[in-house]
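One structure is given here, and the rest of the page talks about it.
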Amino acid sequence: MKVRYSSILLVTALVLFLAVNARLSGQATQSDFHQFNITAKNYDFNPAVITVKKGEKVRLIITATDRDHGIKIAGYDIDQVLKKGDPTIIEFTADKAGTFDFKCSMYCGMGHRKMKGKLIVEESQ
Ligand SMILES: [Cu+2]
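Letter by letter, the sequence shown follows residues 1127 to 1251 in my numbering.
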């Protein structure tokens, strides 16, 4: 009886350990990315300026809230359709320093050409 009780304890401890471990490694993966939540809406990206350090892994979660838009980041070969109401995840490594303009890449109306932003990749010291 005593033996059985301690083996139940052992199994419980093991399960707890695995659960905590899985949770911690999940968090570690998330924090690997410099993450931004961005909304796209006639005729703005918010925030419109994204600043990261060279070498960082970047995750943009962009949601078009009023209609379909797009995002094109010249210099990083990114051109993605942003479906209305559907968060679009874009991940890349900021391996080039500089200021890169981005813009809406899907015609969305009168202000389409003014729908712009900047990705600033700072040289890391
Ligand atoms: Cu547009």
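Glycine is no exception: its CB is placed at the ideal position from the N, C-alpha and C atoms.
Should His-1195 be counted as a contact of ligand 1 given a C-beta to heavy atom distance under 6 Å?
yes
Proximity test, His-1238 beta-carbon vs ligand 1 heavy atom, cut-off 6 Å:
At least one heavy atom of ligand 1 lies less than 6 Å from the C-beta of His-1238.
When Lys-1180, Glu-1217 and Ala-1200 are compared against Asn-1163, the one with the closest alpha-carbon
Nearest C-alpha to Asn-1163: Glu-1217.
Please confirm whether Met-1232 and Asp-1194 have their CB atoms less than 7 Å apart.
Between Met-1232 and Asp-1194, the C-beta gap is smaller than 7 Å, which places the two residues in contact.
Name the DSSP beta bridge partners of Asp-1170, please?
Lys-1167
Please give me, in chain order, every unbroken run of the beta strand (DSSP E) with length at least 3 that falls completely inside the segment 1199-1223.
1204-1208 and 1214-1219
From which residue to which residue does the beta strand (DSSP E) around Thr-1189 run?
1183-1190
Do Val-1184 and Val-1178 have their beta-carbon atoms positioned less than 7 Å apart in this structure?
yes
Between Glu-1249 and Asp-1205, what straight-line distance do the alpha-carbon atoms span, to the nearest angstrom?
The alpha-carbon atoms of Glu-1249 and Asp-1205 are separated by roughly 24 Å.
With distances taken between CB atoms, is the gap from Phe-1327 to Gly-1243 smaller than 7 Å?
One cannot answer for residue 1327 here, as it falls past the ends of the chain, which runs 1127 to 1251.
Name the DSSP beta bridge partners of Glu-1249, please?
DSSP, once it has assigned bridges, lists no residue as partnering Glu-1249.
In the DSSP output, which residue or residues are listed as bridge partners for Lys-1180?
None; Lys-1180 has no bridge partner.
Among Phe-1159, Thr-1225, His-1238 and Arg-1239, which one has its Cα closest to the Cα of Ile-1246?
Thr-1225
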